[in-house]
Each structure stands twice: as structure tokens, then as C-alpha cells.
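S.K.: Before anything else, here's the structure in question.
2 protein chains.
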Amino acid sequence: MNTPEHAVVLLSGGLDSATILALAQGEGYVCHALSFDYGQRHRAELDAAAQLATAQKVVEHRVFHMYLAMFGGSALTDPALQVPETLGVGIPLTYVPARNTIMLSIAMAWAEVLNSRAIFIGVNAVDYSGYPDCRPEYIAAFETMANLATKAGVEGKKLHIHAPLQHLSKAQIIQLGTSLGVDYAMTVSCYQADSAGRACGVCDACRLRREGFHQAEIADPTRYRDPLRGSDL
Amino acid sequence: MNTPEHAVVLLSGGLDSATILALAQGEGYVCHALSFDYGQRHRAELDAAAQLATAQKVVEHRVFHMYLAMFGGSALTDPALQVPETLGVGIPLTYVPARNTIMLSIAMAWAEVLNSRAIFIGVNAVDYSGYPDCRPEYIAAFETMANLATKAGVEGKKLHIHAPLQHLSKAQIIQLGTSLGVDYAMTVSCYQADSAGRACGVCDACRLRREGFHQAEIADPTRYRDPLRGSDL
Numbered sequence: 001m002n003t004p005e006h007a008v009v010l011l012s013g014g015l016d017s018a019t020i021l022a023l024a025q026g027e028g029y030v031c032h033a034l035s036f037d038y039g040q041r042h043r044a045e046l047d048a049a050a051q052l053a054t055a056q057k058v059v060e061h062r063v064f065h066m067y068l069a070m071f072g073g074s075a076l077t078d079p080a081l082q083v084p085e086t087l088g089v090g091i092p093l094t095y096v097p098a099r100n101t102i103m104l105s106i107a108m109a110w111a112e113v114l115n116s117r118a119i120f121i122g123v124n125a126v127d128y129s130g131y132p133d134c135r136p137e138y139i140a141a142f143e144t145m146a147n148l149a150t151k152a153g154v155e156g157k158k159l160h161i162h163a164p165l166q167h168l169s170k171a172q173i174i175q176l177g178t179s180l181g182v183d184y185a186m187t188v189s190c191y192q193a194d195s196a197g198r199a200c201g202v203c204d205a206c207r208l209r210r211e212g213f214h215q216a217e218i219a220d221p222t223r224y225r226d227p228l229r230g231s232d233l
Numbered sequence: 234m235n236t237p238e239h240a241v242v243l244l245s246g247g248l249d250s251a252t253i254l255a256l257a258q259g260e261g262y263v264c265h266a267l268s269f270d271y272g273q274r275h276r277a278e279l280d281a282a283a284q285l286a287t288a289q290k291v292v293e294h295r296v297f298h299m300y301l302a303m304f305g306g307s308a309l310t311d312p313a314l315q316v317p318e319t320l321g322v323g324i325p326l327t328y329v330p331a332r333n334t335i336m337l338s339i340a341m342a343w344a345e346v347l348n349s350r351a352i353f354i355g356v357n358a359v360d361y362s363g364y365p366d367c368r369p370e371y372i373a374a375f376e377t378m379a380n381l382a383t384k385a386g387v388e389g390k391k392l393h394i395h396a397p398l399q400h401l402s403k404a405q406i407i408q409l410g411t412s413l414g415v416d417y418a419m420t421v422s423c424y425q426a427d428s429a430g431r432a433c434g435v436c437d438a439c440r441l442r443r444e445g446f447h448q449a450e451i452a453d454p455t456r457y458r459d460p461l462r463g464s465d466l
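Protein chains in written order, with our numbering: chain P, 1 to 233; chain Z, 234 to 466.
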């Protein structure tokens, strides 16, 4: 019998990360889930991550604390900036400078200590139209750098950054996760969810999510603060 | 008159980082110094960093807090592992998994918010014989990744990772810094310095530093816990 491989899975508590966790488990990985408390305004996603980790029975779930908000520059961490309620052009104000790079770097540290060669991240096609650090060429460049940075890389044990949702639409992700048994009612995508995890229904993340369920023809289990907004596409 | 460029300088409080700060200032950069409280056992270096930042009159100095020690795997953060007192072969036990990648990533976040295109890091030739993330090919790969990761990179404003000590020996670094007026008495290199910043004299960092002063023919201003060790090469 082969020894199972270990993987570090970035678990934000959103829809995408819940799906990659189920995918990684489906591929036989022993999953170590990693969440970040980085001063984000949508803190309900951390509760969602903890619930998902328990429900999906990961071997361990850790929350890494850091105060990215100290640099400002994003509507997700800077109270002085408002979360946009319409889809704009270019890089959105909700982009957090270097967030994926920082999270992947920390995942890399844990993977190295665990002697794991796999990191799963839920970046996807819908996001990469706006966020530079969701694009396939970015993920590939991170992997190249990671294999030069680490002891494992130097010893020829290649680390692989798995981004299996990269080329899927929100609807396809929802269909995939549903087939894997993910309970999306537990997930929080909203950039300004309230402390009970109820969504605003109007930020970019809410719009993309709701449209995804609609296109996937799967009932949207999201809890909205204002029930009327749930149907207002 | 040109507007001065801003730079983020990784300031650990050691000899190398004090030198790059002086170098960056000499090149006319407005320097934003960044230190990390990551659960390292040699906490005296943080006091040294604060002293250096004041002495070298940086525009601001920030300390980013994170608990890398939570993953273990290094003698610098794991109390269960002893700091080696002889130079070994291969990657030393004092290597902290992904440390430089994590620090550069966080510097990248700050640089992006500051609209700065320069990050200075004091990696050097002596270190890169042992630490994978001190090698020139690693720094180059990080820079490539960074320019795909950021808003600035996407907009064509290239971020440059300056590692000007990369090809210098410890002795050359000390000669350079001395010519720039760096007060090395303020710096702490020892992996197990006491709370007053006094060095052990026997860890790798102490040995490399002492040998550097010796070869540079510059008096070693390091304060040792045991004065006898200072001369015991």
C-alpha cells in the first residue's frame, strides 16, 4: 500500500476553497487546511472555514494570524475604503496587495515542514480577469520560484501548486463541488458578510456567486441579510 | 528636480541589513524599513533593527508580526531544536522554511501600497552556500513572479529586488558598510543573542561575522557574553 501524500490546502471559507478541499480529498491527499486571519473585514469567512474543516474531516486546520491591514490599500482591509457594489473595469479595489503570494509563501513553509509536495489554492477563471495574482502565468511563476526557494526543491522533491479551478467558471465549480458533496450553505463569499455570515448580495463576490448558482441551475443556499436581494440579479 | 524613489528595505537588525539600508540611502532612496517579529529566538535583533532605523534616520520603520514558529522545522524558531555550534554541510538547521519568500512577499505588499518599485534584501554569497533562498537564481525567480503578481507589474511598472550584497564576502560587506558609516556595534547577528544583544560567539552567524571583521582588518565591535570567545576563532 502506498503511503498517502500530504497536502496543504488554502481554506478561506469561500465557495472555491471548499471545492478544492473536496477535490484534494477526492484525489487521496491527507489535507492540512490553512486559513488566514489577516485583518479582513469579512471575518465570518474564518468561522465558515472552521466549520468546513470539521465537516470535511481534515487532519488539521490552522489559522495563521497576521495584520495585512497595516499596509492598507484594499477595500477588504482598509475601513476608509468602501467595498464597491458594482462590477468595475480593471483591477478591483477589493484586491489585497500580494495576498495570494503571501498566503502561498506561508503554505510553502508549512508544506516544507510537513514534507508535503502539494499546495492547493482555489484561484479561478472568474477572478483572474481582475486580480493579477489569480492568473495561470502567476501560479506557474510562483511554482518555479518555490522550487528554487526550498530545501525540498534543492533536493529534487518538486513542490506543485495545484490550482484545479483555474479554468472553470463559477457555475462549473458549483456543479463540481455539488457532485463531491460540498455543503455550500456553510461557505461565505461576501466581502462584507455580517458576523452571522449573512451576505450583502451586492458586492462583486455576491454577484459572481449568485450568478454561478443560477447558471449551474442549483438552488442558491446563501443566506442574505436582505432576503429580497437574493433574487435581484 | 526628480521626485525621490521610495524603497522597502528588509531590516533584520543584522550586519547585512544595516549595510543595505546605508547603500539604499546612499543611492538616494527614501527608505521604509521593515522588520519581522516571527517568533525567532534571537529577539535582540529586533531591538537592534529599531536602533539602526533611528540612527540611520529612515522615513518609517514597521515591525510585521507573525508566528512562523507555529510550523517549527528550524532551530531558530523551535525551542526543541538546538542551534548548531559547528559549521556543518548541506542546508543548516537554522534555515527557516520559506522565510525569505514570506518576508519578500510582505515587502511586496507594502511596496505596492507605497507605489515603490524597489525592495532591498541583504542576502549574500556566504549565506547562499547553505540557504536555498539566498541564491541569485532564487532572487531572480522571485522578481519574475512578483511582476506577474502585482497591480504595478501588470501596469508595466517593474518591481526590482535589489540584493546588492549577493556576490560579496562578509569581509567586503563590512568594508563597504564601514565606508558608508554603518555602526556595526548596533547590529546583532548571533542566532542566540541574549536579551542585551550579547553574542554567543560560537553559532554559524557569530563565526562568519567574526571571521569577516578579521579578514576585513577592522576591529570587531561585537559584544560577546563570554569575552574569551570573542578571540577564539
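For each residue, glycine too, the CB sits at the ideal point set by N, CA and C.
#1: Can the beta-carbon of Ala282(Z) be found closer than 8 angstroms to that of Leu244(Z)?
#2: If we cut at 8 angstroms on Cβ distances, does Ser231(P) have a partner in chain Z?
#3: Apart from the five residues on each side of it in sequence, which residues of its chain come closer than 6 angstroms, Cβ to Cβ, to Ala418(Z)?
#4: Taking one C-beta from the region 343-353 of chain Z and one from the region 387-397 of chain Z each time, how about it: are there three or more such pairs within less than 8 angstroms?
#5: Chain P partners of His395(Z), CB-CB under 7 angstroms?
#6: Residues in the same chain with beta-carbon distance under 8 angstroms from Arg295(Z), minus the five sequence neighbours each way, listed in chain order, please.
#7: What's the gap between the Cα of Gln258(Z) and the Cα of Leu413(Z)?
#8: Rounding to the nearest angstrom, what Cα-Cα distance links Asp37(P) and Ala438(Z) in this structure?
#9: Does the beta carbon of Ser195(P) come closer than 8 angstroms to any beta carbon on chain Z?
#10: What are the residues that DSSP puts in a beta bridge with His395(Z)?
#11: Taking Leu368(Z) as the query, report the chain P residues whose CB atoms sit under 8 angstroms from its CB, ordered along the chain.
#12: For Met1(P), which residues in the same chain have their Cβ closer than 6 angstroms to its Cβ, ignoring the five residues on either side in sequence?
#13: With a cut-off of 8 angstroms, does the C-beta of His65(P) fall near any C-beta of chain Z?
#14: Jot down the residue ranges of each uninterrupted beta strand (DSSP E) in the region 15-77 of chain P, minimum 3 residues, whole runs only, in chain order.
#15: Would a check of beta-carbon distances place Lys158(P) closer than 8 angstroms to chain Z?
#16: In angstroms with no decimal places, state the Cα-to-Cα distance between Leu15(P) and Ile174(P).
#17: Please identify the residue among Tyr424(Z), Tyr300(Z), Tyr262(Z) whose C-alpha is closest to the C-alpha of Ala290(Z).
#18: Nearest chain P C-beta to Met378(Z) closer than 8 angstroms, yes or no?
#19: Pick out the complete alpha helix (DSSP H) segments inside the region 372-440 of chain Z, 4 residues or longer, and give them in chain order.
#20: Which residue's Cα is closest to the Cα of Val8(P): Ala22(P), Leu68(P), Met66(P), Ala107(P)?
#21: Using a Cβ cut-off of 8 angstroms (strictly closer), state whether Ile451(Z) contacts chain P.
#22: When the Cα atoms are used, what is the spatial distance from Ala69(P) to His275(Z)?
#23: Interface residues of chain P around Ser338(Z) at Cβ under 7 angstroms?
#24: May I ask which residues mark the beginning and end of the alpha helix (DSSP H) holding Leu337(Z)?
#25: For Val387(Z), would you say it is in contact with chain P, using Cβ-to-Cβ distances shorter than 8 angstroms as the test?
M.R.: If we stick to the structure as given:
#1: Counting from one through the second sequence, the residue named residue 282(Z) turns up at place 49. Counting from one through the second sequence, the residue named residue 244(Z) turns up at place 11. Contact: yes.
#2: Residue numbering aside, residue 231(P) sits at position 231 when the first sequence is read from its first letter. The pLDDT assigned to Ser231(P) is 48, lower than 50, so where the model puts this residue is not dependable; a value taken from the coordinates is nonetheless given after this. Chain Z contact via Cβ: absent.
#3: The residue given as residue 418(Z) occupies position 185 in the second sequence. So the qualifying residues of the chain are Pro454.
#4: As far as the Cβ criterion goes, the region 343-353 of chain Z touches the region 387-397 of chain Z, which means the pair count is three or higher.
#5: Position 162 of the second sequence, counting from 1, holds the residue named residue 395(Z). By Cβ distance, chain P contributes nothing, its closest Cβ being about 17 angstroms from His395(Z), past 7 angstroms.
#6: One-based indexing of the second sequence puts residue 295(Z) at position 62. Cβ within range, chain order: His265, Ala266, Leu267, Ser268, Trp343.
#7: The residue you call residue 258(Z) lines up with position 25 of the second sequence. The residue you call residue 413(Z) lines up with position 180 of the second sequence. Straight-line Cα distance between these residues: approximately 10 angstroms.
#8: Residue mapping note: residue 37(P) aligns to position 37 of the first sequence, counting from 1. Residue mapping note: residue 438(Z) aligns to position 205 of the second sequence, counting from 1. Those two C-alpha atoms are separated by around 33 angstroms.
#9: By one-based count along the first sequence, residue 195(P) stands at place 195. False, the Cβ-Cβ gap to chain Z never drops below 8 angstroms.
#10: Counting from one through the second sequence, the residue named residue 395(Z) turns up at place 162. According to DSSP, which records beta bridges pairwise, His395(Z) is partnered with Phe353(Z).
#11: Translated into the one-based positions of the second sequence, residue 368(Z) becomes position 135. Inspection of the sequence shows that residue 368(Z) is occupied by Arg rather than by Leu. Under the 8 angstroms cutoff, chain P gives Leu148.
#12: Within the first sequence, the letter at position 1 stands for residue 1(P). Its pLDDT being 48, under 50, Met1(P) is placed unreliably in this model, and the value from its coordinates should be taken loosely. In the same chain as Met1(P), and ignoring 5 residues on each side of it, no C-beta atom comes closer than 6 angstroms to its own.
#13: By one-based count along the first sequence, residue 65(P) stands at place 65. With respect to chain Z, the C-beta atom of His65(P) has a partner C-beta closer than 8 angstroms.
#14: The region 15-77 of chain P contains these whole beta strand (DSSP E) runs: 30-37, 60-65.
#15: Locating residue 158(P) in the first sequence gives position 158, where the first residue counts as 1. No, its Cβ sits nowhere closer than 8 angstroms to a Cβ of chain Z.
#16: Locating residue 15(P) in the first sequence gives position 15, counting from the first residue. Locating residue 174(P) in the first sequence gives position 174, counting from the first residue. When only Cα atoms are considered, Leu15(P) and Ile174(P) end up about 8 angstroms apart.
#17: As a working note, residue 290(Z) is residue 57 in the second sequence. Per the sequence shown, residue 290(Z) should be read as Lys rather than Ala. Nearest of Tyr424(Z), Tyr300(Z), Tyr262(Z) to Lys290(Z), Cα basis: Tyr262(Z).
#18: The sequence position of residue 378(Z) within the second sequence is 145, counting from 1. Cβ-Cβ to chain P under 8 angstroms: yes for Met378(Z).
#19: Restricting attention to alpha helix (DSSP H) runs no shorter than 4 residues, the region 372-440 of chain Z encloses them at 384-387, 403-412, ordered along the chain.
#20: Here residue 8(P) refers to the residue found at position 8 of the first sequence. It is Ala107(P) whose Cα lies nearest to the Cα of Val8(P).
#21: Position 218 of the second sequence, counted from the start, is the residue given in the question as residue 451(Z). Residue-level contact check: Ile451(Z) does not touch chain P, since none of the beta carbons of chain P fall below 8 angstroms from its beta carbon.
#22: Against the first sequence, residue 69(P) aligns to sequence position 69. Against the second sequence, residue 275(Z) aligns to sequence position 42. CA-CA distance, Ala69(P) to His275(Z), rounds to 26 angstroms.
#23: Position 105 of the second sequence, counted from the first residue, corresponds to residue 338(Z). Residues of chain P whose Cβ lies closer than 7 angstroms to the Cβ of Ser338(Z) are, in chain order, Ala98, Thr101, Ile102, Ser105.
#24: Translated into the one-based positions of the second sequence, residue 337(Z) becomes position 104. Per DSSP, Leu337(Z) belongs to the alpha helix (DSSP H) from 332-347.
#25: On the second sequence, position 154 is the one that residue 387(Z) refers to. Yes, because at least one Cβ of chain P sits closer than 8 angstroms to the Cβ of Val387(Z).
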